[in-house]
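Chains as they are written, first to last, in my numbering: chain V, 1 to 173; chain Y, 174 to 788; chain W, 789 to 889. Backbone N, C-alpha and C define an ideal beta-carbon position, used for all residues, glycine too.
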Amino acid sequence: MPDTNTLELTIFSILALFMLGGSLTMISAKQTYISAFGFLVAMLGLAGEFALLDSRFLAVAQIMVSVGAIVILSILTILTINAKEENLPNEPYKFLWIIGTAILIAPFTFLLYNVLTLLPEHFATLEAINSKVVGKLLFSEWVLPFEIVSILLLTAMLGAIVIARDKVKGAKR
Amino acid sequence: MLNLIVVLPFISSLIIALVYLSNTNASRHFFYTLMGVGSLFVVTILSLSTLYEIIQGEPTIHSTLFTWLSLGSFNIQLAFMADRLSVMMISFITFIGLLIHIYAAGYMKGEEGYGKFFAYFNLFIGSMLLLVLADNPIIMFIGWELVGLSSYLLIGFYHKNPSNITAANKAFMLNRVGDFGFIMAIALLFISLEGTGFTFDSIEANISIISHADMTLIGILLFIGAMGKSAQIPLYVWLPDAMAGPTPVSALIHAATMVTAGVYMVARYSFLYIQIPDVGLFIASVGAASALFAAVLATYQSDIKKILAYSTMSQLGYMFVAVGLGAYSSGLFHVFTHAFFKALLFMGAGAVIIAMHHEQNIFKMGALKGRLKLVYITMFIATLAISGIPPFSGFFSKDAIIVATFAQKHYILWAVTTFTAGLTSFYMFRLIFTVFHAPRKEKKTLHPLSKSMTYPLVILAIGSTFAGFINIPQFLQLPDIIITLKHSNELMIEGMNVAVGVSGMLLAYRIYAFKPKEPQLKTLWCRLATNKFYIDEFYTAIIVKPLLYMSDFIAKVIDPKIFDGFINLNVTLYLASSEQFAKLQNGNVRFYALYILAGVSVMSFYLIFKLGVFL
Amino acid sequence: MSPSLFFLLASLLFSIGLVGIISRKNLFVIYMSIELILSSINLLLATLSKVLGDASGSVIALLLIAVIAAEAALFLAIIIHLYKRHKTLDADKFNKLSEVN
Numbered sequence: 001m002p003d004t005n006t007l008e009l010t011i012f013s014i015l016a017l018f019m020l021g022g023s024l025t026m027i028s029a030k031q032t033y034i035s036a037f038g039f040l041v042a043m044l045g046l047a048g049e050f051a052l053l054d055s056r057f058l059a060v061a062q063i064m065v066s067v068g069a070i071v072i073l074s075i076l077t078i079l080t081i082n083a084k085e086e087n088l089p090n091e092p093y094k095f096l097w098i099i100g101t102a103i104l105i106a107p108f109t110f111l112l113y114n115v116l117t118l119l120p121e122h123f124a125t126l127e128a129i130n131s132k133v134v135g136k137l138l139f140s141e142w143v144l145p146f147e148i149v150s151i152l153l154l155t156a157m158l159g160a161i162v163i164a165r166d167k168v169k170g171a172k173r
Numbered sequence: 174m175l176n177l178i179v180v181l182p183f184i185s186s187l188i189i190a191l192v193y194l195s196n197t198n199a200s201r202h203f204f205y206t207l208m209g210v211g212s213l214f215v216v217t218i219l220s221l222s223t224l225y226e227i228i229q230g231e232p233t234i235h236s237t238l239f240t241w242l243s244l245g246s247f248n249i250q251l252a253f254m255a256d257r258l259s260v261m262m263i264s265f266i267t268f269i270g271l272l273i274h275i276y277a278a279g280y281m282k283g284e285e286g287y288g289k290f291f292a293y294f295n296l297f298i299g300s301m302l303l304l305v306l307a308d309n310p311i312i313m314f315i316g317w318e319l320v321g322l323s324s325y326l327l328i329g330f331y332h333k334n335p336s337n338i339t340a341a342n343k344a345f346m347l348n349r350v351g352d353f354g355f356i357m358a359i360a361l362l363f364i365s366l367e368g369t370g371f372t373f374d375s376i377e378a379n380i381s382i383i384s385h386a387d388m389t390l391i392g393i394l395l396f397i398g399a400m401g402k403s404a405q406i407p408l409y410v411w412l413p414d415a416m417a418g419p420t421p422v423s424a425l426i427h428a429a430t431m432v433t434a435g436v437y438m439v440a441r442y443s444f445l446y447i448q449i450p451d452v453g454l455f456i457a458s459v460g461a462a463s464a465l466f467a468a469v470l471a472t473y474q475s476d477i478k479k480i481l482a483y484s485t486m487s488q489l490g491y492m493f494v495a496v497g498l499g500a501y502s503s504g505l506f507h508v509f510t511h512a513f514f515k516a517l518l519f520m521g522a523g524a525v526i527i528a529m530h531h532e533q534n535i536f537k538m539g540a541l542k543g544r545l546k547l548v549y550i551t552m553f554i555a556t557l558a559i560s561g562i563p564p565f566s567g568f569f570s571k572d573a574i575i576v577a578t579f580a581q582k583h584y585i586l587w588a589v590t591t592f593t594a595g596l597t598s599f600y601m602f603r604l605i606f607t608v609f610h611a612p613r614k615e616k617k618t619l620h621p622l623s624k625s626m627t628y629p630l631v632i633l634a635i636g637s638t639f640a641g642f643i644n645i646p647q648f649l650q651l652p653d654i655i656i657t658l659k660h661s662n663e664l665m666i667e668g669m670n671v672a673v674g675v676s677g678m679l680l681a682y683r684i685y686a687f688k689p690k691e692p693q694l695k696t697l698w699c700r701l702a703t704n705k706f707y708i709d710e711f712y713t714a715i716i717v718k719p720l721l722y723m724s725d726f727i728a729k730v731i732d733p734k735i736f737d738g739f740i741n742l743n744v745t746l747y748l749a750s751s752e753q754f755a756k757l758q759n760g761n762v763r764f765y766a767l768y769i770l771a772g773v774s775v776m777s778f779y780l781i782f783k784l785g786v787f788l
Numbered sequence: 789m790s791p792s793l794f795f796l797l798a799s800l801l802f803s804i805g806l807v808g809i810i811s812r813k814n815l816f817v818i819y820m821s822i823e824l825i826l827s828s829i830n831l832l833l834a835t836l837s838k839v840l841g842d843a844s845g846s847v848i849a850l851l852l853i854a855v856i857a858a859e860a861a862l863f864l865a866i867i868i869h870l871y872k873r874h875k876t877l878d879a880d881k882f883n884k885l886s887e888v889n
């Protein structure tokens, strides 16, 4: 129905604006925490997009993990590091770099978009992908990747601890 | 057997060389003499037996060693051919060579490098035999070059004196200039023959394939080679300087054998030259001019060996007059007789030089008539021969040549050759009278001469006397131009020759037998003639100096600045650009990612705009 | 609302992330740009899942989020470690790959 369509389109545009605006801020801000906030906004926008695509579980997972864990962790780290204004790297030609790289990347983006739109153009109507569906798939077809990812998380945790800790005095490394 | 004749001297030369190199200082006089003279003795016997075979009526003997080069139609065998011409040549070459080897054993006794001398000498004999017995132009050319090499090695034998080395270089280089013509001729000959075999026999059979213009060119180019080898104008300047070598070398190489290679070559190509009589006339004219020029120069020389050198050049001129005018037999007859008396003259001169303790200026000698009797008598006989006084051999051969010029109606050539005959007699007797007759105030004690130096003189004197009676022309059977001359005319010419010779002798007697004077440098003519008309200086100025300047220029300017500079420029550019490229690798991963992106971007641009994807 | 819009968005996000990696020297910004790229892939997967009518796309995206989390932990640990040792957040200071001079 046209109404729902325009509604969806408006919501999509708002969310898209959030995402684009957030990511642009993120890559061009001078202060690190401003970048972090831009990133936060972008992730929230992404969660909204997921919801728009009827992947409800994914949307929630995105908010929980990506926003609630990753972004929070990043901000925590930034604040912990607490780099002074002068300790931040000076980037004299930042703007030039960004514009230059943008120009370089433009054709690639063009190609990428065009290749992607070769895929089917219609949304298939189906029921929303909620936790029931996801759960069913996760434990039947995708159980192996699921288990492996859990091991990955364990390893990552251990790795993070090992890398970030101080040298223990007297201990053999 | 022909194989043996050519190969044996090379082998003995190699053996002597190896033994000599094993210990340069040991005096193995007996071994070297045995090896050197012995091998030549064997070769002489073999040559004479080959001669005997040919006389007995056997036609040309052929003998092949191996196939040297075989590229399609260019098939060269290392093969030998003994026809009447070559067998005559090898007979007197080996015989006189043997006598000179024996003479050299005495002359070079006690000299440093005795073994080296005999190695080179044998090398020369081998090369000369190779040249004469070759059955195709390429092998003859190999012999030609080897003979030039041996000449160079032997002239520069006393290598401690730099002027000897210069003389040797000069000989070799002028020879090389002539060889340029020779090589061109052979190449042109091969091309014109269009692949129909390349031995002398087959060339003779196929001579009609070659166009007249080609033949003329080949004939001229071949003669240029002969000019270098046989010291005719303009490539003669090496011959007087070549006298810097030991006297046996002068006797063998620059009198009897090597210098006659040019004449032999023209005779060998007689089938070619009879087709092109104009070139023949040119050859004869050059020969006559050389004969006259050399005779004039000889009249003003004071060094005994230089007089003989110019005399050789003069007699060679006679030989070329003969073969140029188609009288091949007469030319080769003169080669034959000339070998005898010229070798004798040189050996006698060598004896005189040794006796006078290495003095070479004739005006410092005198009154040797009584003290060097044998040498005197033999040299006198030789001088009579060279002056063309009957019944000595020179008369017959020289006479045949002069008659040929008259009979073919080339009166200028006739006048020149007759006048030169008189001059020849004059300067040769000038030499004899000054050295042997003229009185001297002080009496120096003479250095004694070894026996090996005197016996060959006797044998050669006998040869000079009687060689004229050997009917070489009839033996050779070369394609001479038949001349018809009224018998009375012929007698008149002969008589004139004798008269000219005798009058030269008497004139020389009158001027030089009593109070010989060195040429006074009073008149311009005298000065010019004594200084050889400054031809050497002329050559140096117009050829040598520009070449030296050019090579200096190239070595100092072009080579370092242009070639090296160009290469250095390349190096500098490369280093500079690599320095710039090295800056790209700054260890920054960010930049590396940028480079990857740049590559992707270029490809994307290419895909979109050049190939029109998605547009 | 067609998939092509989503694809466009995904491509743009990808490019922005790439620009961020190359242009900025601040380690945090580089890190967050990498996250952005991975998130754009997530978006793509979700779109495809809706287009093809298969829920597997979502599942993959979910697992990918887990991976992103793991990588985030490690990345931040490294940043902390580097800051402790070199007291700098400048990516250009870490250029030991090239041993010039």
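{"Query": "Nearest residue (CA-CA) to Gly523/Y, options Tyr280/Y, Ile769/Y and Ser375/Y", "Result": "Tyr280/Y"}
{"Query": "Span separating the alpha-carbon of Glu121/V from that of Phe37/V", "Result": "34 Å"}
{"Query": "Of the residues Met601/Y, Leu701/Y and Ile527/Y, the one placed nearest Ile559/Y, counting alpha carbons only", "Result": "Met601/Y"}
{"Query": "Pairwise C-alpha distance: Leu742/Y and Tyr819/W", "Result": "48 Å"}
{"Query": "DSSP bridge partner residues for Phe239/Y (one or two, in chain order)", "Result": "Leu251/Y"}
{"Query": "Any C-beta of chain W under 8 Å from that of Gly760/Y", "Result": "yes"}
{"Query": "CA-to-CA distance, Ser23/V to Leu796/W, given in whole angstroms", "Result": "15 Å"}
{"Query": "Chain Y residues whose Cβ lies nearer than 7 Å to that of Asn883/W", "Result": "Asn759, Gly760 and Asn761"}
{"Query": "DSSP-derived helix/strand/coil call for Ile716/Y", "Result": "helix"}
{"Query": "Contacts of Thr879/W in chain Y (Cβ-Cβ under 9 Å)", "Result": "Checking the sequence shown, residue 879/W turns out to be Ala, not Thr. Ordered by position in chain Y, the residues that pass the 9 Å Cβ test against Ala879/W are Asn761, Val762 and Arg763."}
{"Query": "Proximity test, Cβ basis, 8 Å: Leu784/Y and chain V", "Result": "no"}
{"Query": "Test item: CB-CB of Ala42/V and Ala51/V under 8 Å", "Result": "no"}
{"Query": "Cβ pair Val671/Y, Ile562/Y closer than 8 Å", "Result": "yes"}
{"Query": "Any chain Y beta carbon closer than 8 Å to Thr32/V", "Result": "no"}
{"Query": "Minimum Cβ-Cβ distance from Pro190/V to chain Y less than 8 Å", "Result": "Any answer about residue 190/V is impossible in this case: the structure gives chain V only from 1 up to 173."}
{"Query": "Unbroken stretches of the alpha helix (DSSP H), 4 residues or longer, contained in the stretch 792 to 874 of chain W", "Result": "815 to 840 and 844 to 874"}
{"Query": "Alpha helix (DSSP H) runs wholly inside the stretch 432 to 472 of chain Y, at least 4 long, in chain order", "Result": "434 to 441, 443 to 446 and 450 to 472"}
{"Query": "For Asn534/Y, three-class secondary structure by DSSP", "Result": "strand"}
{"Query": "In DSSP terms, what Leu111/V is bridged to", "Result": "Per DSSP, none; premise fails for Leu111/V."}
{"Query": "8 Å Cβ cutoff, Asn90/V in contact with chain Y", "Result": "no"}
{"Query": "Three-state secondary structure assigned by DSSP to Leu15/V", "Result": "helix"}
{"Query": "Closer than 8 Å to chain Y by CB, Asn130/V", "Result": "no"}
{"Query": "Burial state of Leu470/Y, where buried means 16 or more other Cβ atoms lie within 10 Å", "Result": "buried"}
{"Query": "Beta-carbon spacing of Ser212/Y, Ser185/Y below 8 Å", "Result": "yes"}
{"Query": "Reduced DSSP category for Ser74/V - H, G, I as helix; E, B as strand; rest coil", "Result": "helix"}
{"Query": "Buried or exposed (CB count within 10 angstroms, at least 16 for buried), Tyr293/Y", "Result": "buried"}
{"Query": "Chain Y contacts made by the stretch 107 to 123 of chain V, where a contact means CB separation under 7 Å", "Result": "Pro107, Phe108, Phe110, Leu111 and Asn114"}
{"Query": "Cβ contact (3+ pairs, closer than 8 Å) linking the stretch 596 to 611 of chain Y and the stretch 541 to 555 of chain Y", "Result": "yes"}
{"Query": "Cβ-Cβ separation, Ala849/W to Ala834/W (assumed contact under 8 Å), whole Å", "Result": "6 Å"}
{"Query": "Classification of His530/Y by the beta-carbon crowding that lies within 10 angstroms, buried from 16 upward", "Result": "exposed"}
{"Query": "Nearest-angstrom Cβ-Cβ length linking Ser637/Y and Phe568/Y, presumed shorter than 8 Å", "Result": "That pair is no contact at about 11 Å."}
{"Query": "Min CB distance Thr101/V to chain Y below 8 Å", "Result": "yes"}
{"Query": "Beta-carbon proximity of Ala378/Y to Lys515/Y, cut-off 8 Å", "Result": "no"}
{"Query": "Selected residue, minimal CA-CA separation from His274/Y, among Thr223/Y, Trp411/Y and Thr217/Y", "Result": "Thr217/Y"}
{"Query": "Pairwise C-alpha distance: Asn761/Y and Ala858/W", "Result": "26 Å"}
{"Query": "Reduced DSSP category for Leu272/Y - H, G, I as helix; E, B as strand; rest coil", "Result": "helix"}
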